[in-house]
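Colleague:
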Amino acid sequence: GDSVTQMEGPVTLSEEAFLTINCTYTATGYPSLFWYVQYPGEGLQLLLKATKADDKGSNKGFEATYRKETTSFHLEKGSVQVSDSAVYFCASPFQGGSEKLVFGKGTKLTVNP
Amino acid sequence: DAGVIQSPRHEVTEMGQEVTLRCKPISGHNSLFWYRQTMMRGLELLIYFNNNVPIDDSGMPEDRFSAKMPNASFSTLKIQPSEPRDSAVYFCASSLLESGTDTQYFGPGTRLTVL
Chain A
-14 GDSVTQMEGP
-4 VTLSEEAFLT
6 INCTYTATGY
16 PSLFWYVQYP
26 GEGLQLLLKA
36 TKADDKGSNK
46 GFEATYRKET
56 TSFHLEKGSV
66 QVSDSAVYFC
76 ASPFQGGSEK
86 LVFGKGTKLT
96 VNP
Chain B
1083 DAGVIQSPRH
1093 EVTEMGQEVT
1103 LRCKPISGHN
1113 SLFWYRQTMM
1123 RGLELLIYFN
1133 NNVPIDDSGM
1143 PEDRFSAKMP
1153 NASFSTLKIQ
1163 PSEPRDSAVY
1173 FCASSLLESG
1183 TDTQYFGPGT
1193 RLTVL
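Residue numbers (our numbering), protein chains in the order written: chain A, -14 to 98; chain B, 1083 to 1197.
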């Protein structure tokens, strides 16, 4: 069945370090792919998305490229800040095109000054 | 613009009591989702509606849980009777489904504690 697998955390980095959080998916066809972020005490919010293969989503210095060859959508940021401390979720539509999303288990990122 | 509104933000109740969580989606959105988040199980979809009609309730844990959407601007999730294992953060999300999947906008959540 459809699923999303993301790197387990927690991840702890120093400010200005490089960040990668891995995400791979199994799905029917080429669905849209999403990264959501959850700041402490808040609901999830969309960070970025890509709607087709080879697309790159970007926002707030974060990037992720939809790679169909490796069925991956890894999240990267060149220089993290303390304010990036949050939980990051990769998500993909259930069965390729449903409005129902399948979320990864989340990766907690802590950035220390 | 107002986002998704949930109430209450925090609820503490005793086992056996009825609990009602409320959600107001973003105006104009036609899909609404209820999720539950716990440390052990992560984020789980409980039920979702499209144009006020329940489409998939396969995530509802058991008959103690029920959800309604009487109109496009209001939904409730009810637990009766509540149990300690229902303690979690419950999120409501809405989206405008135009073609395929679209971005879901989450509310701030209701933190439920059942004693």
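For every residue, glycine included, the Cβ atom is placed at its ideal position computed from N, Cα and C.
1. Which chain A residues are close to B:Leu1127, counting only those with a beta carbon under 7 Å from its beta carbon?
2. Along chain E, in chain order, which residues have C-beta atoms closer than 7 Å to that of A:Glu27?
3. Give me the DSSP bridge partner(s) of A:Thr50.
4. Considering only the alpha carbon of each residue, which of B:Ala1149, B:Val1086, B:Asp1145 lies closest to B:Pro1136?
5. Do you know offhand how far A:Leu31's Cα is from A:Tyr73's?
6. So, does the CB of A:Lys41 fall closer than 8 Å to a CB anywhere in chain B?
7. Put A:Val67 into one of helix, strand or coil per three-state DSSP.
8. Under 8 Å between beta-carbons, which chain B residues line up against A:Gly91? List them in chain order, please.
9. In angstroms with no decimal places, state the Cα-to-Cα distance between A:Thr50 and A:Val67.
10. Could you name the residues of chain A that B:Thr1185 contacts, counting a contact when the two beta carbons are closer than 8 Å?
11. Can the beta-carbon of B:Met1121 be found closer than 8 Å to that of B:Leu1197?
12. Checking the sheet assignment: what are the DSSP bridge partners for B:Asn1132?
13. Is the Cβ of A:Phe88 closer than 8 Å to any Cβ of chain B?
Modeller: On the basis of the coordinates in this document:
1. Lys85
2. Looking at the structure shown, chain E is missing, and the protein chains on hand are A and B.
3. A:Lys41
4. B:Ala1149
5. 10 Å
6. It does not: the Cβ of A:Lys41 has no partner Cβ on chain B nearer than 8 Å.
7. A:Val67: helix per DSSP, three-state reduction.
8. Chain B residues near A:Gly91: Gly1124, Leu1125.
9. 24 Å
10. Phe19, Leu31, Lys34
11. no
12. B:Ser1113, B:Val1135
13. Interface residue, yes.
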